[in-house]
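**Student:** The structure is given below, and queries will be raised subsequently.
Residue numbers (the numbering used here): 7 to 706.
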């Protein structure tokens, strides 16, 4: 996923030019930065705060400098306004302010110091409250409208920036009478604080569950060795994704799976369920004050889908199209469960689907996903993926010594164009779980590309924050095939960020509509399913001459299709629950939040375990508010885009197609309508057929 920071409407997703790289930078980093000057660009790393006092000072300094810039803009006489000192100045301001916010957001999610994480949370609340207030500076809005009133003749990116800035001021409520406008501002400030608390609670949530060896029958011995805590006690953590999947995929005893599911689906419940009710009520009130029927309509308006009704219909049509295959898959799972339990009336429950999907793969396809881990040691996978992306995008990656490390195994890489040598950006890798760290997989933007006021181009910086299995004394970190898909996906976001050439930060890299942003990365998930791709890096770490046999990969593909309806119906359940919560919950029915979410989740997938609150741990409700449908929407685009590689002479290694992807999708970002970018890459209108074929759904 992409990690979003909730910013003010008129400054949404704007990232800054950077502070000077701190003293002590490595020689290679300095050389990389010096090289950028030849291309009239700038490469610089954020200088991270290391004490609560430094964090507090950053916020004070950021707000003070921002107010000076706003005062200068707001004092412009009507006769003096132009593009640069109004619309352009807002983009510049958003960049500078967001640098602090992005840096503090990363500290909040990655620091090993609990006090520093808490200081970052408090600081971000203050900073985001102030940033919301930027939208309500009447003097600034007056200057912007004065410029728009001159009816400037603009084209391309400039016109788009003006139009969308005006649109966002409207969506912030600046055309409302002052009392209503003030109420909207207060709602947004309150929401910023509530949403941050929700996400922080998700990160902090922990739940250890202790089992006996008998409880964990079927779970791989290697994993048991890692979680052994006593003579016959094994402690798994429900909040660590790979722990959760390992138990749910392999534990033979139904009660074990049920117990672990309950622990997982009640993570953060006490803290977050009341918060979620408040968030939904305030979002609904905000939307209605702004003239929208629901918050879902408000959120979908600027996206590709356009409105909540279209988003819901899209999800419902996919749900219906998958129904025959979903029923058939559940029937196979029931047969397996009936044989295993001796109960001819056995039913598949929520805690069963992962386990029996895995059992089906083992029995019908003679495929044990756990046995494939030996082919995917982390470091060779990483290096192999790097080699592929360097080849198809004509890039060069070079490992550097980070001048500052928030964790000992942090890595930093420089990206440059392989032909010209032009420096393009930097990315950090923080890839393994630890206490207090963000516990899923995401790219965090730190610095987005932007043309600076002096004409130089600020090259981007980002960080991948992941939680792959750690190494042990016996073996290196061994990834599942799903993990390999994940790393290809997340690094796709890094490429989208780093390869940008958008002039304005607002349009840079991944700052595209939320229902398109996942598409380029989802497309790259196809690479680990190709034999030639896998042979370039996947090998048994104990015997590197041993590759994944072609027949095993063929079985893996068959097994994926065999359970794809189950997997995708689960995804659609999240999308439909998200849309329902943001369409149907109001201040008068807050107690319906949990029943509604569990009902929507259960109707689209499998009934929820009673007395659980999965939504309290579902962070996407905050970052992708009313936008989870975008994963499926983007998947449809991604499957279509992948066919361009599949049908090319070089397949997934085709450099010509890779360069077209770089040029038509990654470089423009959101500087033009993404529909134009998609069609330019495809060379034809979009089609949903490749997507429907891949997931085994019927055409709507």
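Positions of the beta carbon are idealized from the N, C-alpha and C atoms, including for glycine. This structure is a prediction, so every number in the text was calculated from the model and none was measured.
Would you decide whether residue 65 is buried or exposed? Buried here means 16 or more other CB atoms lie within 10 Å of its CB.
**Tutor:** buried
**Student:** Apply the 10 Å Cβ neighbour rule to residue 188 and answer buried if 16 or more other Cβ atoms are within range, or exposed otherwise.
**Tutor:** exposed
**Student:** In the structure shown, what three-state DSSP assignment does residue 465 receive?
**Tutor:** coil
**Student:** If you measure between the beta carbons of residue 702 and residue 331, is that distance less than 7 angstroms?
**Tutor:** yes
**Student:** Opposite residue 214 in the DSSP bridges: which residues?
**Tutor:** 243
**Student:** For residue 691, does the count of other Cβ atoms within 10 angstroms reach 16, so buried, or fall short, so exposed?
**Tutor:** exposed
**Student:** Count the other C-beta atoms from every protein chain shown that fall within 10 angstroms of the C-beta of residue 40, then say buried if there are 16 or more, exposed otherwise.
**Tutor:** Flag for residue 40 reads exposed.
**Student:** For a quick check, are the C-beta atoms of residue 149 and residue 79 less than 7 angstroms apart?
**Tutor:** yes
**Student:** Which residue marks the beginning of the alpha helix (DSSP H) containing residue 338, and which one marks its end?
**Tutor:** 314 to 347
**Student:** Out of 248, 201, 511, which has the shortest C-alpha to C-alpha gap to residue 280?
**Tutor:** 201
**Student:** Mind listing, in chain order, the continuous alpha helix (DSSP H) runs of no fewer than 4 residues lying wholly within the segment 521 to 570?
**Tutor:** 525 to 530, 537 to 541, 556 to 568
**Student:** Kindly indicate which three-state DSSP category residue 90 falls into: helix, strand or coil?
**Tutor:** helix
**Student:** DSSP three-state label for residue 415, please.
**Tutor:** coil
**Student:** Have a look at 638, 123, 478, 251 and flag the residue whose alpha-carbon is nearest the alpha-carbon of residue 529.
**Tutor:** Residue 638 is the option with its Cα nearest to residue 529.
**Student:** Answer with buried or exposed for residue 567, where buried requires no fewer than 16 other C-beta atoms within 10 angstroms of its C-beta.
**Tutor:** exposed
**Student:** Check whether the segment 255 to 262 touches the segment 443 to 463, counting contact only when three or more Cβ pairs, one atom from each stretch, lie closer than 8 angstroms.
**Tutor:** Contact between the segment 255 to 262 and the segment 443 to 463 is absent: fewer than three C-beta pairs spanning the two stretches fall below 8 angstroms.
**Student:** Among 237, 340, 485, 445, whose alpha-carbon lies nearest the alpha-carbon of residue 247?
**Tutor:** 445
**Student:** From the DSSP output, in three-state form, read off residue 28 for me.
**Tutor:** Here residue 28 scores only 47 on pLDDT, less than 50, and its place in the model should not be relied on; the value that follows carries that caveat. Note: residue 28 maps to coil in three-state DSSP.
**Student:** Taking the alpha carbon of residue 335 as the point to measure from, which residue in 656, 363, 344, 319 has its own alpha carbon closest?
**Tutor:** 363
**Student:** How about the segment 227 to 240 and the segment 571 to 591: do they share at least three Cβ pairs that are nearer than 8 angstroms?
**Tutor:** no
**Student:** If you scan the segment 104 to 156 from start to end, which runs of the alpha helix (DSSP H) of 4 or more residues do you find wholly inside it?
**Tutor:** Entirely contained in the segment 104 to 156, the alpha helix (DSSP H) runs reaching 4 residues are, in chain order, 120 to 140, 144 to 154.
**Student:** Find out if the Cβ-Cβ distance for the pair residue 430, residue 504 is shorter than 7 angstroms.
**Tutor:** Residue 430 places its beta carbon less than 7 angstroms from that of residue 504.
**Student:** When we look at the beta-carbon of residue 270 and count the other beta-carbons within 10 Å, is it buried (16 or more) or exposed?
**Tutor:** buried
**Student:** Hey, out of 154, 82, 59, 70, whose CA is closest to residue 110's CA?
**Tutor:** 59
**Student:** Between the C-alpha atoms of residue 614 and residue 63, what's the straight-line distance to the nearest angstrom?
**Tutor:** Their backbone Cα atoms lie some 46 angstroms apart in a straight line.
**Student:** Taking residue 88 as the reference, give the member of 32, 143, 158 with the closest Cα.
**Tutor:** 158
**Student:** According to DSSP, residue 434 sits in a beta bridge with which residue or residues?
**Tutor:** 418, 469, per the DSSP bridge assignment.
**Student:** Considering residue 450, what are the terminal residues of the beta strand (DSSP E) in which it resides?
**Tutor:** 448 to 453
**Student:** Using the DSSP secondary-structure output, state which residues sit across from residue 48 in a beta bridge.
**Tutor:** 464
**Student:** Can you grab the Cα-Cα spacing for the pair residue 30 / residue 54, in whole Å?
**Tutor:** Bear in mind that the predicted position of residue 30 carries a pLDDT of just 46, short of 50, making it unreliable; the figure below should be weighed with that in mind. Looking at the two C-alpha atoms, the distance is approximately 13 angstroms.
**Student:** Is residue 479 helix, strand or coil when you go by DSSP?
**Tutor:** coil
**Student:** Which term fits residue 467, buried or exposed, when burial requires 16 or more other beta carbons within 10 angstroms of its beta carbon?
**Tutor:** buried
**Student:** Which residue from 496, 585, 647, 278 puts its Cα closest to that of residue 321?
**Tutor:** 585
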